[in-house]
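If you want my numbering, it's the position in the sequence shown, counting the first as 1, plus 46.
All C-beta atoms, glycine included, are put in the ideal place defined by N, C-alpha and C.
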Amino acid sequence: LEEQIHSLQSSTPRKYPKVKYLNYKNRKRILITGGAGFVGSHLVDDLMVQGHEVIVVDNFFTGRKRNVEHWLGHENFELIHHDIVNPLFIEIDEIYHLASPASPPHYMYNPVKTIKTNTMGTINVLGLAKRVMAKVLIASTSEVYGDPTVHPQPETYWGHVNPIGPRACYDEGKRVSETLSYAYSKQEKVQVRVARIFNTYGPRMHMNDGRVVSNFILQALRNETITVYGNGKQTRSFQYVSDLVDGMIALMASNYTQPVNLGNPVEQTIGEFAEIIKQLVGGPSVIKQSKAMEDDPQRRKPDITRARQFLHWEPKVPLETGLQRTISYFRNELARSDRFQES
Ligand code: NAD
Ligand code: UDP
Ligand code: UDP
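Laid out in structure tokens, this is it:
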């Protein structure tokens, strides 16, 4: 074994994506909770490339080591297996708090755990931020608006959430997470930023998370029926993940402390969306309507006036471009899992 280890140690060093050199004054130690997940792993990539030290904390409920494996062993990178419901004592300058299941089937799988993660988990993150005087960005959600009665949704809208419905564990969990952030800000002077994230898609999103983007792409790639829940007239606005990551980094850097919507205001019905995916993937899939989801928000579109004004941010990636990249990721993943099953 010793010989083996020695020969590995003297083999060519591992190659990593190129990172900038930052001197110690500009280099930050940044904690990303939920950093092995879909959005978190893209944030890791950007902050690493900028030259920061990045520490990921994840319990791997929906995240995967594979999403960040290209950084394992890099001197600026650290991966900690930890559940944020438990206290965490480390020294950092900034925190992006993303730990929480995000898709309806995932957060409904264990509603009590979803609530604990978004309440006790957020308290731990804010307690940590208070102790080390770190700035915190909370990943909130458009779900705080519930099934909205105002359209599009500005940040000043207080929302329309069923507190005991199947989505409540997530919606109310995130609402408490926001409440906690402003309580720690007022009472303990913790610097907080709140991003209300709208539907986001892109490579590394879960193949089997039951969300509309992954369901429709997989169904189309497998020539299966594309399942539209309800009459397909409900709307969503989809943002590509790199736009979201740019927005989060801009929000963290800004002096703006009120919640900010981060989403793409281009809205479509779910029926239209099914047609778009079918056309982009090609193949013989048919589109069929099935049972509607309980408490499904009927319209959702962000008003991004605040983000434009205070962050000078707006989404750049057109839907078709983003979907093409996502489809090719899913195609590769399917081929990979086929190879895996064969071997
Ligand atoms: P994801 O499921 O891919 O990532 C969440 C990560 O958090 C996973 O890696 C998971 O393992 C980890 N996690 C969950 N519970 C944890 C716990 N108790 N302790 C430690 N780690 C835990 O989801 P995502 O789409 O990347 O979402 C990231 C964040 O953005 C979430 O907070 C989500 O609520 C928010 N958000 C996402 C979207 C979207 O469309 N993707 C929309 C609105 C808000
Ligand atoms: N906490 C943590 N890491 C820290 C500091 C605090 O996980 O570095 C946790 C701590 O365990 C507590 C929570 O954050 O449960 C809230 O901390 P706060 O200081 O607000 O509350 P207190 O410790 O006074 O109850
Ligand atoms: N949806 C659908 N077919 C699917 C999955 C989802 O018609 O296979 C619909 C769902 O009812 C909702 C919209 O697509 O109206 C977006 O659902 P998703 O779960 O992706 O995210 P949400 O915005 O509801 O959190």
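Neighbourhood of residue i by C-beta distance below 6 Å, restricted to the same chain and skipping five residues each side
{"i": "G309", "result": "F244, S283, Q285, P348"}
{"i": "G211", "result": "D341"}
{"i": "P200", "result": "D349"}
{"i": "E234", "result": "K176"}
{"i": "I316", "result": "V274, G278, Q280"}
{"i": "P151", "result": "G256"}
Sequence-distant residues of the same chain with beta carbon closer than 8 Å to residue i, five excluded per side
{"i": "L183", "result": "E140, I141, Y142, H143, V238, R239, V240, A241, M294, L297, M298"}
{"i": "A82", "result": "V102, D104, F106, G109, R110, K111, N113, V114, L125"}
{"i": "P209", "result": "E218"}
Neighbourhood of residue i by C-beta, 7 Å cutoff - its chain only, sequence neighbours within 5 removed
{"i": "L134", "result": "V103, H128, N170, L174"}
{"i": "E311", "result": "For the record, residue 311 in the displayed sequence is Pro; it is not Glu. So the qualifying residues of the chain are P198, S283, K347, P348, I350."}
{"i": "D195", "result": "Rather than Asp, the amino acid found at residue 195 in this sequence is Thr. Answer for T195: H206, listed in chain order."}
{"i": "R331", "result": "Strictly speaking, residue 331 in this sequence is Ser, with Arg absent from that position. Closer than 7 Å at Cβ, skipping near neighbours: Q265, A266, N269, E270, T271, I272, K324."}
{"i": "E189", "result": "R213, Y216, D217, K220"}
Paired residues, beta bridge with residue i - DSSP
{"i": "R75", "result": "E99"}
{"i": "Y275", "result": "S336"}
{"i": "L308", "result": "I243"}
{"i": "S283", "result": "E313"}
{"i": "V158", "result": "BP columns for V158 are empty, so no partner."}
{"i": "G192", "result": "H206"}
{"i": "V182", "result": "I141, V238"}
Any non-hydrogen atom of ligand 2 within 7 Å of residue i CB
{"i": "K176", "result": "yes"}
{"i": "N245", "result": "no"}
{"i": "N170", "result": "yes"}
Simplified DSSP state of residue i, which is helix, strand or coil
{"i": "P361", "result": "coil"}
{"i": "L125", "result": "strand"}
{"i": "R242", "result": "strand"}
{"i": "E48", "result": "helix"}
{"i": "H116", "result": "helix"}
{"i": "G256", "result": "coil"}
{"i": "Q370", "result": "helix"}
{"i": "V222", "result": "helix"}
{"i": "H396", "result": "Residue numbering for the chain in the displayed model covers 47 to 389; residue 396 lies beyond these limits and cannot be assessed."}
{"i": "A266", "result": "helix"}
Closer than 7 Å: residue i CB and nearest ligand 1 heavy atom
{"i": "A148", "result": "yes"}
{"i": "D104", "result": "yes"}
{"i": "G167", "result": "yes"}
{"i": "S188", "result": "yes"}
{"i": "A82", "result": "yes"}
{"i": "D341", "result": "no"}
{"i": "H152", "result": "yes"}
Check: residue i C-beta below 7 Å from any heavy atom of ligand 3
{"i": "Y155", "result": "no"}
{"i": "G276", "result": "yes"}
{"i": "Q304", "result": "no"}
{"i": "Q280", "result": "yes"}
{"i": "R242", "result": "no"}
{"i": "N261", "result": "yes"}
(message) Quick check: the segment 149-156 against the segment 113-123, are at least 3 beta-carbon pairs closer than 8 Å?
(response) no
(request) Please confirm if the segment 200-208 is in contact with the segment 158-166, defined as three or more CB-CB distances below 8 Å between the two stretches. (result) no
(request) Count the C-beta pairs between the segment 86-93 and the segment 251-267 that are closer than 8 Å, then say yes if the count reaches three, no if not. (result) no
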